[in-house]
Amino acid sequence: MAEMTYSEALNLALREEMRRDPAVFVMGEDVAVWGDRGGVFGVTRGLAGEFGLDRVRDTPINEEAIVGVAVGAALTGMRPVVEIMYSDFLTLTMEPLVNQAAKLRYMFGGQARVPLVVRTNLGASGGKAAQHSQSLESWMMHVPGLQVAMPSTPADARALLKTAIRDDNPVVFFEHKLLYFQRGEVPGPEEWLEFGRAAVRRKGRHATVVAAQAMLGMVLVVASRLASAGPGRSRCRRATWPSTTSTRPWRGFAAPTFRFPTARRWRRWWRLVRPPSSRDFGRFWRGPGGARQGSASRGSRALVAPSAWPVTAVDHLR
Amino acid sequence: MAASTSTDTNVEVLRRMMLIRAFDSLLPDLYTRGLIRGSSHAAIGQEAVAVGACAALAADDYITSTHRGHGHTIAKGGDVNRMMAELMGREDGYCRGKGGSMHIADFSIGMLGANGIVGGGFGIAAGAALSARLRKSGQVALCFFGDGAINQSSFHGVANLAGIWKLPLILLCEDNRFAMSGRAEQMIAGGDPVKRAQAYGFPGVSVDGMDVLAVRAAVAEARVRALAGDGPTLVVAACYRFQGHFSGDTQSYRSKEEMAPWLERDPIPAFRSRLLAEGGLTEAEADALEEEVATSIAEALEFAQASPWPEAAEAWEDVDG
Ligand SMILES: Cc1ncc(C[n+]2csc(CCOP(=O)(O)OP(=O)(O)O)c2C)c(N)n1
Ligand SMILES: [Mg+2]
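Protein sequence lines correspond, in order, to chains A and B.
Going by the numbering used here, the first residue of the first sequence is number 1, and it counts up by one from there.
Going by the numbering used here, the first residue of the second sequence is number 319, and it counts up by one from there.
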């Protein structure tokens, strides 16, 4: 058990898989020699030093070519892990990702394998505006043949990335910008998570809240408040594996149980879950640094969780 | 008669061209009889490009193909029985009936798939070339594409990447003068597509796509370069699509007068006459070859029609996510 950031946990997973399997290689813009880091968010830091520039490849800026070439490499015995610097740029990869990677195994009647991981990140942070902040995971979820993974904690990040790399099908792996510098415990070397399962983070009988990534921290805070003040205890799930092509319901997913509260209870709820004030936003925008200082809320009305987006949580609960 | 599997001999080169012609000539009739559905695109007139190029490759080299892909598969050594079964959507087809004409693939012979997306093969071929480099396998990858596809952004992204990484890649442009109704000279800025290679720092070679041996020689040279670590080559093979873009094409965009000189240069009779003249083939052998090809096609039709339909439940197989 070691404590590390989400970004370090992803780096560890890449190192472990590259050491284990020579077919795994990393490719993307500025993943190898950018500063002392490797990758704009430091996820590929130091990999070029350990594995060389053949297996950690800086590419020209052409996302379509990066993913296109990765598909061809995946079809012919390699396990490429490509980085798309921001998930907004997935829009430039739609052809190879959607028409080729997602469909080839199916359309070729099972004779092709496409063990491809496209790592990217979503979420808004640091005032980068609308072309560097999108969360396009629901688009990807609607493409049959693409799997979508979204880790919420450092432990999940490490384990899910290992699972994604070992999977024989294409995975779009969404990291969250606001989580990169969050710390957490990461267990022993071989932990990996099965795809397709939600994790129950908190058990309860009356309401089910499904959340992923930065929202998880927020939801846990709200859930504990509701548990003491609301109509009943709540259950909180951490979603790591959204799926749309499956006709089965999400495994382990229970329909929300909800008892209508009395008017008095509604008022009590409202005090807890009211839309955030500008002060809450001020804390939010401070980003990872502010978030690391913890979730201690100022005053009973503040709704501040680590790196979370308060409005959405409120919407869900209403 | 057992089909030989190597293109070492000129006779085998001729046989494969004839097989492509016979296979693609069947398509209109198969549609009329309701035996095939979807789109399929005949490569009649372009056989010398497919066969010449594949004749210069090793058995385990990779190719990627296009929507007009039957010829590429046959040239690489594909099985016409399984191809025909795939066109008919049967269980014994290459893709168990899920792909049809535009998605025939045979990974066992390095044929990484026809493609319904114009320009969809660039990334796949370059990725296969990168994979061969990383695995030090000594393979090369050849990407077939059309004069229309050279205008796709994927061409430019991949040409740049292959250029800087000196990938063992051969970019083979089948310049059949048309992209559906779009004329190459009207759609390609800068005129001759071969000039585009220069921008990416590798050689561009123009070759007569109606001359199978000229294509073979050009690709053989490109392959040597690729294996020596000198990077990609763009080969532009000038050829002509003898038929419509697909079976139902009225071809209002071109005239008989325009087509006539190209039809006179039909690559198959030309190569046959050449072999006869040079003594590489006798009349009797040529006739036997024709019969052999006709038998292969008849057998393919029989095989395909005898093949069962896929189970409905297979529609859900081979997809996750
Ligand atoms: C991305 C994409 N755009 C358009 C089409 C429709 N389309 C199919 S073939 C074709 C023409 C392609 O021309 P070219 O690359 O020269 O190949 P040719 O048909 O001449 O063999 C077009 C426009 C397609 N299949 N994919
Ligand atoms: Mg064309």
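Ideal Cβ positions, reconstructed from N, Cα and C, are used throughout, including at glycine.
Alpha carbon to alpha carbon, how far is A:L160 from A:G110? Give it in angstroms, no decimals. 25 angstroms
I believe B:V554 touches B:V331 by the beta-carbon criterion, under 8 angstroms. Please report the beta-carbon distance rounded to the nearest angstrom. That belief does not hold up - the Cβ atoms of B:V554 and B:V331 are roughly 21 angstroms apart, past 8 angstroms.
Hey, would you say the C-beta of B:A497 is under 7 angstroms away from at least one heavy atom of ligand 2? yes
I want to verify the contact list: residues of chain A whose CB lies under 7 angstroms from the CB of B:A443, in sequence order. G72
Neighbourhood of B:V533 by C-beta distance below 7 angstroms, restricted to the same chain and skipping five residues each side: A366, V367, G370, A371, V525, G527 and A555
What's the gap between the Cα of A:G252 and the Cα of A:A212? Bear in mind that a pLDDT of 34 at A:G252, under 50, signals an unreliable position, so the model cannot answer this.
Please decide whether A:G109 counts as near chain B, where near means a Cβ-Cβ distance under 8 angstroms. yes
Just mark A:H142 as buried or exposed, buried being the case when its beta carbon has 16 or more other beta carbons within 10 Å. exposed
Once DSSP output is grouped into helix, strand and coil, what is the label at B:A377? coil
A:A198 by DSSP, collapsed to three states: which one? coil
Kindly list, in the order they appear in chain A, the residues whose Cβ is closer than 7 angstroms to that of B:F462. Chain A residues near B:F462: none, gap ~14 angstroms exceeds 7 angstroms.
Under 7 angstroms between beta-carbons, which chain B residues line up against A:Y106? List them in chain order, please. K416, D636 and V637
Would you call the region 384 to 399 of chain B and the region 458 to 466 of chain B touching, i.e. three or more CB-CB distances under 8 angstroms? yes
Could you check whether the Cβ of B:F440 sits closer than 8 angstroms to any Cβ belonging to chain A? yes
Within 8 angstroms, strictly: CB atoms of B:R590 and B:A604: yes
Closer than 9 angstroms by beta-carbon distance: list the chain A residues that pair up with B:N478, in chain order. P60, N62 and A65
Any contact of the region 48 to 67 of chain A with the region 79 to 99 of chain A, i.e. 3+ C-beta pairs under 8 angstroms? yes
Cβ shell of A:M140 (< 6 angstroms), same chain only, five flanking positions each side left out: L146, V148 and V172
Interface flag, B:F621 vs chain A, CB-CB below 8 angstroms: no
Please state if the CB of B:A538 and the CB of B:A374 are separated by a distance shorter than 8 angstroms. yes
Regarding B:N494 and ligand 2, is the C-beta to nearest heavy atom distance less than 7 angstroms? yes
Spatial distance of B:V523 from B:I468 (CA atoms): 15 angstroms
State the Cα-Cα distance for the pair A:E126 and A:E29, rounded to the nearest angstrom. Before going further, note that residue 126 of chain A is Gly rather than Glu in the sequence given. The straight-line gap from Cα to Cα measures roughly 21 angstroms.
Beta carbon of A:M107, beta carbon of B:K394: below 8 angstroms? no
Can at least three beta-carbon pairs, one atom from the region 424 to 437 of chain B and one from the region 48 to 59 of chain A, be found at a separation below 8 angstroms? no
Can at least three beta-carbon pairs, one atom from the region 71 to 87 of chain A and one from the region 8 to 23 of chain A, be found at a separation below 8 angstroms? yes
Closer than 7 angstroms between beta carbons: that is the criterion. Which residues of the region 122 to 146 of chain A meet it against chain B? P144, G145 and L146
Give me the chain A residues within the contact set of B:A644, using Cβ-Cβ distance strictly less than 8 angstroms, ordered along the chain. Because chain B spans 319 through 639 in this model, residue 644 of chain B falls outside it and cannot be assessed.
Please state whether DSSP places B:V436 in a helix, a strand or coil. coil
Secondary structure at B:I488, three-state DSSP: helix, strand or coil? strand
Please report the straight-line C-alpha distance between B:D379 and B:D397, rounded to a whole angstrom. 17 angstroms
Could you tell me which chain A residues have their CB closer than 7 angstroms to the CB of B:F425, listed as they occur along the chain? Q111 and A112
Residues near A:K103 by beta carbon distance below 6 angstroms, same chain, minus five either side: G145
Along the chain, which unbroken stretches of the beta strand (DSSP E) at least 3 residues long are found entirely within the region 43 to 73 of chain A? 56 to 58
Where in the region 119 to 188 of chain A do unbroken runs of the beta strand (DSSP E), each at least 3 residues long, occur, reported from the N-terminal end onward? 147 to 149, 171 to 176 and 183 to 186
Near B:N643, which residues of its chain fall below 6 angstroms by C-beta distance, leaving aside the five closest residues on each side in sequence? Missing from the structure shown is residue 643 of chain B; chain B here goes from 319 to 639 and no further.
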